[in-house]
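J.: In case it helps, this note's numbering puts the sequence shown at residues 44 to 355.
Glycine included, each C-beta is placed from N, C-alpha and C at the ideal position.
Got a structure for you, written out below as C-alpha cells; questions coming shortly.
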Amino acid sequence: MMFKKNLLNLILPLLILFSSCQEKDANYLIEVSNNLDMPRQNETVEIPKSSFNNMLCQEFERLVVTDQKTGTSLPSQVLDTDMDGELDILVFQPVLEAGETRKYNLIPQQEPVDYTDMDVRTFSRFVPERTDDYAWENDRVAFRTYGPTAEKMIVDGTPGGTLSSGLDCWLKRVDYPIIDKWYRKTLEEGGSYHKDTGEGLDDFHVGLSRGCGGIGIWSQDEEKLYTSRNFSSWNALAEGPLRTLFELEYQPWESPAGNIMEKKTIKLKSTEELQKMSYEDLNYEFDDISTIMGEYINNLHELIEEAERTNE
C-alpha cells in the first residue's frame with residue numbers, strides 16, 4: 044500500500060514527500076525537493092517516528108538512509124527529543140543542487156546503527172584525565188567547561204584547579220574530531236592545546252568572564268555579577284554524527300533574588316558555529332533581559348570599534 048504525506052514545514056522551502064514500500068520489503072522512500080535557485084547542503088531534515096505507522100522503537104533505531112540514485116549511505120541519527128525515553132525523530136542531511144529533487148531510501152538493518160562507522164561530526168564526553176572537564180565539539184568548533192574536582196582543588200589551594208562555570212571555546216581548523224587528540228597531546232605527549240600546530244588551538248581565556256555561553260545575574264546596585272560555580276553533575280543524552288546532547292547541573296547559587304537552581308541542556312549540531320542551551324528549573328524572572336542584552340551589545344560595538352582603531 045502506497046501513501047504520501049507532508050512531513051515537515053521548515054523555515055526555508057524544502058518539500059518532503061514520504062511513502063512506504065510494500066510491507067514485505069519494510070523499506071521507506073523519502074523524496075526531498077529544493078525549491079530554491081541555489082544549492083543546499085548541511086541542512087537537517089527531521090522525520091518524526093509518528094510518520095512510520097506505529098513502527099516499534101527497535102525498528103526505528105535500525106533505519107539507515109541511502110541515496111536511491113548512487114546507493115551511498117548518508118550520516119543519520121535517531122533521537123529522543125522530548126526526553127521521554129522513546130526515540131521520536133530521524134535526522135539526516137541531504138545535498139541538493141538548485142531546483143533538484145532527490146530520493147532517499149530508509150532501510151531497516153538487522154542491528155541498531157553503529158554511528159562510529161559514519162562520518163562523525165559531533166562528539167562530547169566527560170574528561171576525567173584532565174581533572175574533570177566536560178568537552179564537546181562538532182566539525183566547526185569545540186567547547187569545554189569544568190567540574191567539581193577542579194573547583195575543590197581551588198578551594199583547597201591545590202595547583203591545577205579551575206573555578207568557573209564559564210564555557211571555554213576551542214578554535215578548529217579541521218572538520219574531524221580533535222578533543223581526544225588534543226587532550227592526549229597535552230597530557231601525554233608533552234604538547235599543548237594552547238599552541239596551534241595546524242589543527243587549531245585553545246586561545247580563549249575564560250578567567251572571571253562567562254566565557255562563550257555561561258550565564259549570570261548582574262546586580263546594578265552592588266555592581267556585582269552573581270554566577271554558579273563549576274558543574275556538579277553531567278548526563279550524556281545523545282551521541283551521534285549529527286547532534287550531541289547533554290545536561291549539566293549546578294549546585295544552588297545565591298543572587299539578589301535568592302538561591303538559583305541551574306540545570307541546562309546543551310545541544311550542538313553539525314556544521315554550525317552556535318550551540319543551543321535550554322534551562323530547566325531556573326527560578327528567576329529575567330524582567331530586564333532586553334536591557335542587559337542591549338547594554339552588552341553596545342559594549343561589544345564599542346570594543347569592536349576600539350579594536351579597529353588600534354589596528355589602523
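1) Given a threshold of 16 other Cβ atoms within 10 Å of its Cβ, counted over all protein chains shown, does aspartate 127 qualify as buried or as exposed?
2) Taking the alpha-carbon positions, what's the glutamine 294 to proline 171 distance?
3) Going residue by residue through the region 174 to 255, where are the continuous beta strand (DSSP E) segments of at least 3 residues, counting only ones entirely within it?
4) Scan the region 113 to 158 and note each continuous beta strand (DSSP E) run of 3 residues or more that stays entirely inside, going in chain order.
5) Please state the DSSP three-state secondary structure of glutamate 104.
6) Would you be able to state if there are at least three C-beta pairs under 8 Å between the region 177 to 186 and the region 301 to 319?
7) What are the residues that DSSP puts in a beta bridge with arginine 286?
8) Could you check what DSSP says for serine 94 in three-state terms: helix, strand or coil?
9) According to DSSP, is isoleucine 260 part of a helix, a strand, or is it coil?
10) What does the alpha-carbon distance come out to for the pair glycine 234 and leucine 106?
11) Which whole-angstrom value is the C-beta distance of aspartate 125 and proline 91, which I expect to be below 8 Å?
12) Can you check which of these residues, Pro220, Pro118, Ser275, Pro191, is closest to glutamate 86 by C-alpha distance?
13) So, using beta-carbon positions, are glutamate 74 and lysine 146 closer together than 8 Å?
14) Taking all protein chains shown into account, do 16 or more other C-beta atoms lie within 10 angstroms of the C-beta of serine 93, making it buried, or fewer, making it exposed?
15) Have a look at aspartate 245 and tyrosine 226 and give me their C-alpha separation to the nearest angstrom.
16) What is the DSSP secondary structure of aspartate 80, counted as helix, strand or coil?
17) Less than 6 Å between C-beta atoms, sequence neighbours within five positions excluded: which residues of the same chain meet that for tryptophan 179?
18) Find the nearest neighbour of serine 11 within the set Gly241, Asn148, Ser298, Glu305, judged by alpha-carbon distance.
19) Could you tell me the distance, in whole angstroms, from the CA atom of tyrosine 219 to the CA atom of glycine 243?
20) Kindly say whether glycine 301, judged by its beta-carbon, lies nearer than 8 Å to any beta-carbon of chain C.
21) Would DSSP call alanine 279 helix, strand or coil?
22) Indicate whether leucine 268 and glycine 259 have their beta-carbon atoms separated by less than 8 Å.
23) Any idea which residues DSSP pairs methionine 320 with across the strands?
24) Do you know offhand how far threonine 334's Cα is from isoleucine 197's?
25) Where does the unbroken beta strand (DSSP E) through leucine 268 begin, and where does it stop?
26) Give me whichever residues DSSP pairs with aspartate 110 in a beta bridge.
27) Checking the sheet assignment: what are the DSSP bridge partners for valine 88?
28) Just the C-alpha distance for threonine 115 and aspartate 80, rounded to the nearest angstrom, thanks.
29) Exposed or buried, glutamate 154, counting other C-beta atoms within 10 Å across all chains shown (16 or more means buried)?
30) Just tell me which of Gly254, Ile309, Thr174 has its CA closest to the CA of alanine 193.
31) Taking its Cβ as the centre, do 16 or more other Cβ atoms sit within 10 Å of glycine 241, making it buried, or is it exposed?
32) Spatial neighbours of threonine 229 within its chain, please: C-beta separation below 7 Å, excluding the five flanking residues on both sides.
T.: Let me spell this out:
1) exposed
2) 20 Å
3) Listed in chain order, they are 176 to 180, 184 to 188, 211 to 215.
4) 119 to 122, 132 to 135, 144 to 151
5) coil
6) yes
7) When beta bridges are read from the DSSP output, arginine 286 appears opposite Lys312.
8) Looking at serine 94 - three-state DSSP - the assignment turns out to be helix.
9) strand
10) 41 Å
11) Their Cβ separation, rounded to whole angstroms, is 11 Å, which puts aspartate 125 and proline 91 out of contact at 8 Å.
12) Selected option, being the one with the closest Cα: Pro118.
13) yes
14) exposed
15) 11 Å
16) coil
17) Cβ neighbours of tryptophan 179 within its own chain (closer than 6 Å, five residues either side excluded): Ser167, Phe186, Thr287, Leu311.
18) Examination of residue 11 is not possible in this model, given that the chain is present from 44 through 355 alone.
19) 12 Å
20) Within the model displayed, chain C is absent; a lone protein chain is all it includes.
21) strand
22) yes
23) Ile309
24) Reliability of the predicted coordinates at threonine 334 is poor, the pLDDT of 39 falling under 50, and no value is obtained from them.
25) 267 to 269
26) Tyr147
27) Looking at the DSSP output, valine 88 bridges to Phe135.
28) 25 Å
29) exposed
30) That would be Thr174, whose Cα lies nearest to the Cα of alanine 193.
31) Glycine 241 is exposed by the Cβ-count criterion.
32) Closer than 7 Å at Cβ, skipping near neighbours: Ser235, Tyr236.
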